[in-house]
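*Asks:*
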Amino acid sequence: MNRYLTVDDIERVRLPEQPVISPDGSTVAYVLRVDDLASDTAVRSLWLVPATGGEPRALTPPGSDTAPAWSPDGTRIAFLRAAAGPPQIWLVDVATGVETQLTTRPEGAGAPVFSPDGRRLLFVGAATPPADAEGWAWGAPVVSARLDYYADGDGVLSSPRRHAYVVELETGVCEQVTHGEWNAGNAAWSPDGTRIAFTAATSPDADLTRHSAAYVVDLADPTRTARLAGPADGTAGPLAWTPEGDGLLVCGHPEGLARFTGLLLVDLAGGGYRHLTESWDRQVMYGAPGYPGSVPRVAADGTVVLCLREGGYVVPHRLDLATGKAAPILAGSGSNVSSLSIAGDTVCFLGSDQDSFGEVFVLDLGTGEPVRLTRYRDELGDAVPALREERSFTISDGTTVVGWVMRDPAATGPQPLLVDIHGGPHNAWNGAAESVHLYHHELVARGWTVLLLNPRGSDGYGEDFARAVSGHWGTSDAADFLEPVDQLVAEGLVDDARVAVTGYSYGGYMTCYLTTVTDRFAAAIGGGVISDLRSAAGTCDNRRGLSTTEWGGPFWEHEDRYAAMSPITRVTSVRTPTLLLHGGADVRCPLDQARQWHTALRELGVASEIVIYPGASHNMLFTSPPRFRHDYNARVVDWLSRYVG
């Protein structure tokens, strides 16, 4: 007999990650992640599976292996291993399993990329501190005139900048090929192996403008001069080369962060560019923790496969560069897709659906038929995820809000309800299962209904919808949460006296905000919250981006707007018992935001607890040790049991 998953099933969930297909299209390598509570580690190892189907086999032992990359001849795989200290690049022979360590840098290495001739590897990693620069020494005082001296996940940047390196496989000699007081990112080889392209924010005022751009370095140039490729005053993220090496495909936008990420085709000879997705009104998803997607990939025929957000789902599309036309290759599948890899006309990817947290698939671009290569869902046995039923709600101003209801199909009558609010605010829920929020499944098992909504601000419904909350956090979207609850109560599905709210990041902010405008919630749980936008504007690592693109401008020009959007302004109205869960090293939504909220509630006599996870960043739900993630999920269930019953 089947049962729903619970928080304690965290160790049973086996998740494939980072699939890459071999150059001949015969084999897929991927990372398998398994959480181990006893050692408090996410154990990762490399696995292989035939692209035609078959039994997967382990290539490396359980440990800390990530970022696999095939050699051009398909005989070796380069990968990162963080066995003791920072990650280093290793090589493994696919046939024999013999492993060799390539790098031994004290600063570590980054994800490796083989050169087209297979003789070198490219990676981006921390630069070696100059011997004569005391300010770069580990532990030295940090002195900065700029704003970008700390970042979530890294803390205060007392370490050197990150730059691109090329390492020779035969000798192990490692050469730094980019230089400057900026960080290089997303480096890629040209098809002939003579150049590398990367993105960076090189302007002295990039901390203020938030501009970044693509650059190319000719390895035959002894000066290693980085030459601009494309617009200088926009944003540039992951990139890829065109097959002929005469252009770059760059994820970004010529107008900067305030606009949807698109795909630019940069002409390296003439210096111009085409915005390929300008008229699509959908965002290119290149992938990040909590944000599925992939770097665009080029097929054998020159078409480009990229990921777009459509109604909450991340859907792969195929783009013809000549005509500018694109079409989905998995339309209507109900799948969430990430981590694209291409060999010829075969696409490999990770796909999750309503019954699976993620499996490895391949798809022939000619037939369009996906084939599942792994079946880790089957290893859960009788433990099943709670399904998500899509619903639409019409708000009183006429806006349509899409959401998903999680509820046991056999349940009758009103149940307690948890409204869970996604982050961003430009992220989105969808109907695919995910293992980050195991408390969803346990609550359904305990007789709860869970409501996941994509309010104004969510991605996947057009740029106007996504930007509807810009400069109007909380004030423009509160009804998008409260009115759907009213509808479920009216339908007899929800007990009006037993409604709770939770969320992380923007969802944590909105949890605090909603408890200041209504007392209908019996319990609230805020994760990674922001409670005071004015203080956050001076302390977040992304403060300039938030203040200019999300909050309408600097607080000294918009004091009334900041006050209206800040929950702390109306904290005396709060009556809801509130649990705060926060990473101790979070600088995206700094810990002091939770401390301020907890302090105010405590002094006002409102039941409140704060839980701090030492060393955890804002991405703790995805990257923190298993015990923290298990604890977070368990505390949500416990708080709801305590105050809602």
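Going by the working numbering, the sequence shown opens with residue 3, and the numbers climb by one from there. Glycine residues also receive a C-beta, built at the ideal position from the N, C-alpha and C atoms.
Considering only the beta carbon of each residue, do Glu391 and Val404 sit closer than 8 Å?
*Replies:* In the sequence shown, residue 391 corresponds to position 389, counting from 1. In the sequence shown, residue 404 corresponds to position 402, counting from 1. No, the pair does not count as a contact, with Cβ atoms beyond the cut-off.
*Asks:* Do you know offhand how far Gly529's Cα is from Leu352's?
*Replies:* As a position in the sequence shown, residue 529 is number 527, starting the count at 1. As a position in the sequence shown, residue 352 is number 350, starting the count at 1. Between Gly529 and Leu352, the C-alpha separation is close to 27 Å.
*Asks:* Looking at the secondary structure, which residues open and close the beta strand (DSSP E) in which Val639 lies?
*Replies:* Position 637 of the sequence shown, counted from the first residue, corresponds to residue 639. From DSSP, Val639 is part of no beta strand (DSSP E) but of the alpha helix (DSSP H) over 628 to 645.
*Asks:* If we call anything under 8 Å between Cβ atoms a contact, is Ala199 one with Ala190?
*Replies:* Along the sequence shown, read from residue 1 onward, the residue named residue 199 stands at position 197. Along the sequence shown, read from residue 1 onward, the residue named residue 190 stands at position 188. Contact flag set, yes.
*Asks:* Verify whether the separation of the beta carbon atoms of Ala166 and Leu124 is less than 8 Å.
*Replies:* Taking the first residue of the sequence shown as 1, we reach residue 166 at position 164. Taking the first residue of the sequence shown as 1, we reach residue 124 at position 122. Their beta carbons are under 8 Å apart, which means Ala166 touches Leu124 by this criterion.
*Asks:* How far does the beta strand (DSSP E) with Tyr511 in it extend, from its first residue to its last?
*Replies:* In the sequence shown, the residue the question calls residue 511 occupies position 509. Element bounds for Tyr511: not the beta strand (DSSP E) but the alpha helix (DSSP H), 508 to 519.
*Asks:* Is Tyr634 near Leu593, with beta carbons less than 8 Å apart?
*Replies:* Position 632 of the sequence shown, counting from 1, holds the residue named residue 634. Position 591 of the sequence shown, counting from 1, holds the residue named residue 593. Going by C-beta atoms, Tyr634 is not nearer than 8 Å to Leu593.
*Asks:* Expressed to the nearest angstrom, what Euclidean distance is found between the alpha-carbon atoms of Val158 and Ala618?
*Replies:* Working through the sequence shown from its first residue, we reach residue 158 at position 156. Working through the sequence shown from its first residue, we reach residue 618 at position 616. Straight-line Cα distance between these residues: approximately 14 Å.
*Asks:* Let me know the secondary structure DSSP gives Gly547 once reduced to three states.
*Replies:* The sequence position of residue 547 within the sequence shown is 545, counting from 1. Helix at Gly547.
*Asks:* State buried or exposed for Ala142, treating a residue as buried only when at least 16 other CB atoms are found within 10 Å of its CB.
*Replies:* One-based indexing of the sequence shown puts residue 142 at position 140. With fewer than 16 Cβ atoms within 10 Å of its Cβ, Ala142 is classed as exposed.
*Asks:* With a threshold of 8 Å on Cβ separation, who are the neighbours of Tyr1 within its own chain once the five nearest residues in sequence on each side are excluded?
*Replies:* The shown model of the chain, from 3 to 647, leaves out residue 1, and the question about it has no answer.
*Asks:* Apart from the five residues on each side of it in sequence, which residues of its chain come closer than 6 Å, Cβ to Cβ, to Ser117?
*Replies:* On the sequence shown, position 115 is the one that residue 117 refers to. So the qualifying residues of the chain are Trp191, Gly195.
*Asks:* Can you give me the start and stop residues for the beta strand (DSSP E) that Thr401 sits inside?
*Replies:* Along the sequence shown, read from residue 1 onward, the residue named residue 401 stands at position 399. Here Thr401 belongs to no beta strand (DSSP E), and DSSP marks it neither H nor E.
*Asks:* From Ala97 to Arg458, what does the alpha carbon distance come to, in whole angstroms?
*Replies:* Here residue 97 refers to the residue found at position 95 when the sequence shown is read from its first residue. Here residue 458 refers to the residue found at position 456 when the sequence shown is read from its first residue. Cα to Cα, the separation comes out at about 52 Å.
*Asks:* Would Thr670 be called buried (16 or more neighbouring beta carbons within 10 Å of its own) or exposed?
*Replies:* The requested residue 670 is not part of the displayed model; the chain covers only 3 to 647.
*Asks:* Return the CA-CA distance between Ser568 and Ser343, expressed in angstroms with no decimal places.
*Replies:* As a position in the sequence shown, residue 568 is number 566, starting the count at 1. As a position in the sequence shown, residue 343 is number 341, starting the count at 1. Approximately 43 Å between the Cα atoms of the pair.
*Asks:* How should Ser73 be labelled, buried or exposed, when 16 other C-beta atoms within 10 angstroms of its C-beta is the threshold for buried?
*Replies:* Position 71 of the sequence shown, counting from 1, holds the residue named residue 73. Ser73 should be labelled buried.
*Asks:* Let me check understanding here. Comparing Cα to Cα, which of Asp488, Val576, Gly370, Val438 lies closest to Tyr506?
*Replies:* By one-based count along the sequence shown, residue 506 stands at place 504. The residue with the shortest Cα to Cα distance from Tyr506 is Val438.
*Asks:* Give a yes or no on whether the C-beta atoms belonging to Gly127 and Ala111 are separated by under 8 Å.
*Replies:* Residue 127 sits at position 125 when you count from the first residue of the sequence shown. Residue 111 sits at position 109 when you count from the first residue of the sequence shown. It is a contact, given that the beta carbons lie within the stated cut-off.
*Asks:* Could you tell me if Trp558 is buried or exposed, where buried requires 16 or more neighbouring beta carbons within 10 angstroms of its beta carbon?
*Replies:* To locate residue 558, count along the sequence shown from 1; it is residue 556. Under this definition Trp558 is an exposed residue.
*Asks:* For Asp37, count neighbouring Cβ atoms within 10 angstroms of its own Cβ and tell me buried if that reaches 16, exposed if not.
*Replies:* Here residue 37 is taken as the residue at index 35 of the sequence shown, counted from 1. The residue is buried, with at least 16 neighbouring Cβ atoms inside 10 Å.
*Asks:* Between the Cα of Val316 and those of Ser340, Tyr515, Ala31, Leu278, spot the shortest distance and give me the residue it belongs to.
*Replies:* Here residue 316 refers to the residue found at position 314 when the sequence shown is read from its first residue. Ranking Ser340, Tyr515, Ala31, Leu278 by Cα distance to Val316 puts Ser340 first.
*Asks:* How big is the Cα-Cα spacing for Arg164 and Ala31?
*Replies:* Taking the sequence shown and counting its residues from 1, one reaches residue 164 at position 162. Taking the sequence shown and counting its residues from 1, one reaches residue 31 at position 29. If you take the alpha carbons of Arg164 and Ala31, they lie about 27 Å apart.
*Asks:* Between Arg311, Cys514, Val9, Phe523, which lies nearest to Glu465 when the distance is taken from Cα to Cα?
*Replies:* Within the sequence shown, residue 465 is the residue found at index 463, counting from 1. The option with the nearest alpha carbon to Glu465 is Arg311.
*Asks:* Using the three-state DSSP reduction, which class does Ile532 fall into: helix, strand or coil?
*Replies:* Residue 532 sits at position 530 when you count from the first residue of the sequence shown. If DSSP states are grouped into helix, strand and coil, Ile532 belongs with coil.
*Asks:* Report the rounded CA-to-CA distance for Thr305 versus Val373, giving the unit in angstroms.
*Replies:* Within the sequence shown, residue 305 is the residue found at index 303, counting from 1. Within the sequence shown, residue 373 is the residue found at index 371, counting from 1. Answer to the nearest angstrom: the Cα atoms are 21 Å apart.
*Asks:* Measuring only the C-alpha atoms, how far is Pro245 from His443?
*Replies:* As a working mapping, residue 245 is identified with position 243 in the sequence shown. As a working mapping, residue 443 is identified with position 441 in the sequence shown. In a straight line, the C-alpha of Pro245 is about 45 Å away from that of His443.
*Asks:* Pick from Asp67, Ala328, Gly272: whose alpha carbon is nearest that of Asp283?
*Replies:* Start at 1 with the first residue of the sequence shown, and residue 283 comes out as number 281. With distances taken between Cα atoms, Asp283 lies closest to Ala328.
*Asks:* Based on the DSSP secondary-structure assignment, which residues constitute the bridge partners of Ala166?
*Replies:* On the sequence shown, residue 166 is found 164 positions in, with the first residue counted as 1. Partner(s): Val126.
*Asks:* Below 8 Å, can you find three or more Cβ-Cβ pairs linking the segment 266 to 276 to the segment 230 to 239?
*Replies:* Result yes; three or more Cβ-Cβ pairs closer than 8 Å.
*Asks:* Can the beta-carbon of Asp1 be found closer than 8 Å to that of Val33?
*Replies:* A question about residue 1 goes unanswered here, because the residues of the chain that appear run from 3 up to 647.
*Asks:* What first and last residue would you give for the beta strand (DSSP E) that runs through Gln103?
*Replies:* To locate residue 103, count along the sequence shown from 1; it is residue 101. It spans 101 to 103 - the beta strand (DSSP E) in which Gln103 sits, taken as one unbroken run.
*Asks:* Could you please give the first and the last residue of the uninterrupted beta strand (DSSP E) stretch that includes Ala231?
*Replies:* Locating residue 231 in the sequence shown gives position 229, counting from the first residue. First-last of the beta strand (DSSP E) with Ala231: 228 to 231.
*Asks:* Within its chain, find whatever has a CB closer than 6 Å to the CB of Ala238; leave out the 5 residues flanking it on each side and keep chain order.
*Replies:* Within the sequence shown, the letter at position 236 stands for residue 238. Result list for Ala238: Thr201, Ser214, Ala215, Ala216, Val252, Gly254, in chain order.
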